[in-house]
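Beneath this line is the structure, given in structure tokens, with notes to follow.
Residue numbers (this note's numbering): 876 to 1057.
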């Protein structure tokens, strides 16, 4: 049971913010998850929603690789709702089941191909220590460049933000979603 009543539609926000609810529905097909809490602050929800559109439509980071970072970040934050929502997106983006299983188990990424291993290592370091060692940073920067690395970092942290929202307000994962270990 969430700690606050979830916003589920226009009737839950003042009329001047109905357009924000409409925008959330346009992106997600409904109001749920972190946005059911974020809409308690419609102006904040509106700004956060802009990043969803950026990552989906404009980022230079390929969806498959972005999904690896997102799942790594969400798993570190133990966010069951966001994990359940993002596993399906990761599969659609081409993330292999073995990578999803490894991330779910917080397993050792050593056996992954270099590109995926570097992303998992980078994201885990960032989530666990708020820092990244120089060798890990340099490997991704050399492989992809500055813009790519900035956008990957922002995506991981954006999903860490969403994870914090669902965790703080105890938004339960959907019953039919992919589960994290207890």
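For each residue, glycine too, the CB sits at the ideal point set by N, CA and C.
These figures come from a predicted structure and were not determined experimentally.
- When 950, 902, 918 are compared, the shortest CA-CA separation from residue 1053 is found for 950.
- Residue 985 sits away from residue 979, with the two beta carbons spaced by 8 Å or more.
- Apart from the 5 residues on each side of it in sequence, residue 883 sits with its Cβ closer than 7 Å to the Cβ of 906, 911 in its chain, given in chain order.
- DSSP places residue 1055 in the coil class of the three-state scheme, outside both helix and strand.
- Residue 998 is positioned such that its CB atom lies no closer than 8 Å to that of residue 954.
- In this chain, the alpha helix (DSSP H) harbouring residue 1017 covers 1009-1019.
- Rounded to whole angstroms, the gap between the alpha carbons of residue 1050 and residue 945 is 21 Å.
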